[in-house]
Structures are given as C-alpha cells and as structure tokens.
Amino acid sequence: MNKLTAEQQATLWSKKMTLELDLNDTQEQQVYALVLSKANTHKKRRANRPKERPNSEEMYQMQVDLLEEKIAMKKAMKSILTPKQYGLWEKSQKKKELMKKKHLKGKKKQKNKH
Numbered sequence: 002m003n004k005l006t007a008e009q010q011a012t013l014w015s016k017k018m019t020l021e022l023d024l025n026d027t028q029e030q031q032v033y034a035l036v037l038s039k040a041n042t043h044k045k046r047r048a049n050r051p052k053e054r055p056n057s058e059e060m061y062q063m064q065v066d067l068l069e070e071k072i073a074m075k076k077a078m079k080s081i082l083t084p085k086q087y088g089l090w091e092k093s094q095k096k097k098e099l100m101k102k103k104h105l106k107g108k109k110k111q112k113n114k115h
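Note that my numbering has the sequence shown beginning at 2, numbered continuously upward.
This is the structure:
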C-alpha cells in the first residue's frame, strides 16, 4: 500500500471503515481526515528513516512515538464512533494485530531455515 498517495490511502481506509462500521457521512469525513493525517505522518517517517540501524535510545524513542500515535488514534476514534461502532473497530484492530504477529512470526521461521 506504500505506492498509494496519502489521500488514496485515506480514501480507501475510510471507505472500508464505512462498510464495516456503517459510518454516516460526517463520521466518514472525520475518519478520512484522521487517516490522512496518519498516512502523511507515516510517509514522512519512512522518508526520514535513517539508513543505518538505530541505536537502543533511538529505537526506544521510535517505539514511544508509535505508542503515542496509537493512543491518539484510539482517542480520536472513540470521539468519532458510537460505542457500538467503537467496539467493532477495537475488535477488528485486535484481529489485525494478531494477523500481523502471525505474519511476522512466519517470516522469522523462514529466515532461520536458510
């Protein structure tokens, strides 16, 4: 998905969420704005990523920044969505995290085989 522009990513994500959570027009616009901001931040971070592996202090700061972004995203989504929609969104986020972990775990196993 990194070949898409931030606007394209935000449009796709907000449309998918509209289908999954039955968002109204106002909610869809708010989600679009939130996701657009997140996509722009992500693109900037990737562009400014150092070529060398970060040291432990830099790695720590990167992880803190990511966690702060997740917390801000969660708060924003809670203010946009109804309690029922928020519950469904939380459930889907946990499912995505689980899938991501399984995918990364599989990659590590393949790496160790070679």
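Don't be surprised by glycine CBs; every beta carbon is placed ideally from N, CA and C.
Supposed close pair residue i, residue j - CB separation, criterion 8 Å
i	j	result
GLN31	ILE81	5 Å
ALA11	ALA40	6 Å
LEU89	GLU21	7 Å
Coil, strand or helix - residue i by DSSP
i	result
ASP23	coil
ARG50	coil
THR6	coil
Cβ-based burial, residue i [other Cβ within 10 Å; buried from 16]
i	result
MET100	exposed
TYR61	exposed
SER15	buried
Range of the contiguous alpha helix (DSSP H) that encloses residue i
i	result
LYS71	57 to 81
Proximity to residue i [Cα-Cα], best of the options
i	options	result
ARG46	ASP23, ALA34 and ASP66	ASP66
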